[in-house]
Amino acid sequence: MKHLRSILLSVVMLPLAGVVAIPFYYILVNTLKTQPEISASPLGLPSGVDFSNYAEVFEALPIWQSFLNTLYVGVVSIFLMLLVGSMAAYGMLIGQGLLTKLIGVICLIAFLVPGQTTLIPLYRMLSGMYLVDTLEGLIFLYMGGAIFCYFLIIGYMRTIPTEMFESARIDGASAFRIYRSIVLPLIRPILVTVGVFQAMWVWNDFITPNVFINSPDKQTLVLQVYSAVGQFSTDWPAFMTLSVIVLAPLVVFFIAAQRHIVSGLVTGSVKG
Amino acid sequence: MGTAIAPPRPAPPFQSPPRPTRLQRLRRRGIESYLFTLPVIVVFVVLFAIPLAQSFYYSLTDFNGYSTEANFVGFENYTTIWQDSSMLSALGFTLIFTIATTLAITALAIPLALVLNQKFFGRNLVRSVFFFPSVVSVAILGLVWGFIFAPLGTGVINSIIGWFGAQPVAWLAEPTLARLSVIIVAVWGGTGWHAVLYLAYLQAIPSEFYEAASIDGATRWQQFRYMTLPLLTPAITVSQLLLLTGGLKVYDLPYTLTGGGPGFATRTLTQSIIENGIAQGEVGKASALSVVFFIAVGLIIVAQLALSRRLEARFS
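Now the structure itself:
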């Protein structure tokens, strides 16, 4: 009976998963085809393995440039976000009274305000600082994510016994020293989880680069795919190939960090 | 020396002299904790408080983004946004999208989570496949689906329909179908994510509960209805909150899949705010819209939290 159930579930779920995966199969398989082949049968297997589409796309577009742009923005903004978020969480833990209330209100407001509401003033602010159409401008905007980091980190910190900080304090360690050599190592697991989660956000974000970036040499990967659609509107294989190239790092990331993504999803949703 | 001739007093209780008083310690801790929280306060003020206040301010003016002065116009912008057909259309589609995706994803994600919680061959693969679409950029998925829906040779859906002898359908060119298409893709992309969320809560239910229930003779349906579902209430709350707020904030998917068209059929509020406020310089009007948007999202969050608190109180 139990065996039967399990077989039945496999028989139903595996094909269903296959259907869900069709779009990914579709773009992958079409990167190996020519345009007439796609037209003839969009889901059929290619007649042979031909990577010329890849060579063509790498030649036509500055993919490496966009990759480095995305990487730069991602690494710097995640580092700063985690730094600001974890510092705030530690400060909150050693602080009391008024400060705690203030931070609580800050978090609530930041949580309630949708990015859309602050978009126009932020655009004007950035343009006043000459940060529109710069990667630094993107990093500046992504710093807003520090509050979400703080949320998750403080939740995790509360589960650590405070005696650990207290004893270090009695031993005469300065607050900064405690933060650096005790707090940071202790909260590593949550830093990884939050980092992975925020990295996904920054890497995949479309609205911010779409609004704030104009120059082709400052595009992030996602924005590059978007702007390439116009260029490739009649060259479907090239577009599919570009999508696969941009999605490939995410597949690797997904396999490597799936556990952290899921735990970030769960803690994030509980806190958020 | 005065002390020498003073009458003897009881010795003060032992106290190590350099130790700071309690007040001094509190002050130091206070300063330190302010130093540590300063960066996040700066982030909040610069990226949230100031822009929010400016949005409120602009929404009461006729500021166009270029002129040096802005005239106070009161609530005029708040009335004109209800007369702008593109904005109304955006509001309508955003609401339809939010409600449809919330209902559909919830209806699909809970059964999916229940199934994924069972043991069967290939379970991890199935989990990953369902989850994967929410890991990659929604914008890219929108573009890819644009090709899948296309009436051209790339259109998988139309070629499948073609096998049955039907004419190709212009999925993204007809308003109702375009809306439907956007919603289908959103459901496809979001269900796995929410299923994993539910799954996390399901896995937290001790298996003893189910053993006890089946010993007591509860059927599978009864177990689901009277045990699993109430225990899932917190997950439902969280998932619905994310779906509702995420739905109202939607931008990437319709923008990349249909560009907001045909006409204004799949235009979103966010697209309206961006186009009016940044591209067309109608800062006052767009700000009014963004303030209305902020209030709507806030109200939904508050209502959802209140409702869920009552539900949780009822079930527990």
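Protein sequences appear in the order of chains A and B.
Using the working numbering, the first residue of the first sequence is number 1035, and each one after it goes up by one.
Using the working numbering, the first residue of the second sequence is number 20, and each one after it goes up by one.
Ideal placement from N, C-alpha and C gives every residue a C-beta, glycine not left out.
**OP:** Closer than 8 Å by beta-carbon distance: list the chain B residues that pair up with W1235/A, in chain order.
**Re:** The contacting residues do not exist; W1235/A stays about 10 Å from chain B at best.
Original post:
Any contact of the region 1157-1174 of chain A with the region 1206-1226 of chain A, i.e. 3+ C-beta pairs under 8 Å?
Top reply: no
**OP:** Verify the CB distance criterion: does A1051/A have a CB-CB separation below 8 Å to chain B?
**Re:** yes
**OP:** Tell me where the alpha helix (DSSP H) around W1235/A begins and ends.
**Re:** R1222 to N1238
**OP:** Give a yes or no on whether 8 Å exceeds the smallest Cβ distance from V1300/A to chain B.
**Re:** yes
Original post:
What do you get for A345/B, buried or exposed, if any count of 16 or more other CB atoms within 10 angstroms of its CB means buried?
Top reply: There is no way to answer for residue 345/B, as the model of chain B reaches only from 20 to 335.
Original post:
F91/B bridges to which residues according to DSSP?
Top reply: T80/B
**OP:** Closer than 9 Å by beta-carbon distance: list the chain A residues that pair up with I320/B, in chain order.
**Re:** F1145 and L1146
Original post:
Do you know offhand how far G1119/A's Cα is from T1168/A's?
Top reply: 24 Å
Original post:
How should Y1124/A be labelled, buried or exposed, when 16 other C-beta atoms within 10 angstroms of its C-beta is the threshold for buried?
Top reply: buried
Original post:
In three-state DSSP terms, what is L1257/A?
Top reply: helix
**OP:** With I1064/A as the anchor, note down where its alpha helix (DSSP H) starts and where it stops.
**Re:** The sequence as given places Asn at residue 1064/A; Ile does not occur at that position. Segment I1056 to N1064, the alpha helix (DSSP H) holding N1064/A.
Original post:
Do we get a CB-CB distance below 8 Å when we pair Y85/B with the residues of chain A?
Top reply: no
Original post:
Would the region 252-264 of chain B and the region 154-173 of chain B be scored as touching if the rule is three or more Cβ pairs under 8 Å?
Top reply: no
Subject >> Cutoff 8 Å; reference P281/B; Cβ partners in own chain excluding five residues on either side >> reply: L191, A192, E193, P194 and A197
**OP:** Compare the C-beta of G280/B with all C-beta atoms of chain A and state if any pair is closer than 8 Å.
**Re:** no
Original post:
What is the rounded straight-line gap between the Cα of W1235/A and the Cα of M1198/A?
Top reply: 33 Å
Original post:
For E95/B, which residues in chain A fall below 8 Å Cβ to Cβ?
Top reply: Within chain A, no residue comes near E95/B; the closest Cβ sits about 18 Å away, beyond 8 Å.
Subject >> F149/B: contacting residues in chain A (beta-carbon distance under 7 Å) >> reply: A1051 and V1054
**OP:** Check F1085/A in the structure and name its three-state DSSP category.
**Re:** coil
Original post:
Looking at H213/B and I100/B, is the spacing between their C-beta atoms short of 8 Å?
Top reply: no
**OP:** Mark A128/B as exposed unless 16 or more other C-beta atoms lie within 10 angstroms of its C-beta, in which case mark it buried.
**Re:** buried
Original post:
In chain A, which residues lie with their C-beta within 8 Å of the C-beta of F305/B?
Top reply: Residue identity check: residue 305/B is Ala in the sequence provided, not Phe. What A305/B touches in chain A: I1154.
Original post:
What is the rounded straight-line gap between the Cα of Y217/B and the Cα of P249/B?
Top reply: 12 Å
**OP:** Would you mind giving the Cβ-Cβ distance between V215/B and F151/B, rounded to the nearest angstrom? I have them listed as a contact below 8 Å.
**Re:** The Cβ separation is near 11 Å, so there is no contact.
**OP:** For V92/B, return the contacting residues in chain A, with the cut-off set at a CB-CB distance below 9 Å.
**Re:** Those within 9 Å of V92/B in chain A number zero; the least Cβ separation is about 17 Å.
**OP:** Out of L1042/A, S1297/A and F1287/A, state which residue places its alpha-carbon closest to the alpha-carbon of Q336/B.
**Re:** The shown model of chain B, from 20 to 335, leaves out residue 336/B, and the question about it has no answer.
Original post:
Can you find a CB in chain B that lies within less than 8 Å of the CB of L1043/A?
Top reply: yes
Original post:
Nearest to F1287/A by alpha carbon, out of L107/B, V155/B, E95/B and V61/B?
Top reply: V155/B
**OP:** Please name the residues in the region 205-217 of chain B whose beta-carbon is closer than 8 Å to at least one beta-carbon of chain A, in chain order.
**Re:** W207, G211, W212, V215 and L216
Subject >> Nearest neighbour of G1052/A, chosen from F82/B, R142/B and A109/B [CA to CA] >> reply: R142/B
Original post:
What three-state label does DSSP hand V1053/A in the structure shown?
Top reply: helix
Original post:
Which residue from T1134/A, E1090/A and S1100/A puts its Cα closest to that of Q1253/A?
Top reply: S1100/A
**OP:** Determine the closest residue to E227/B out of A284/B, T247/B, G208/B and T210/B, with distance taken between C-alpha atoms.
**Re:** T247/B
**OP:** Taking all protein chains shown into account, decide if Q102/B is buried (16 or more other Cβ within 10 angstroms of its Cβ) or exposed.
**Re:** exposed
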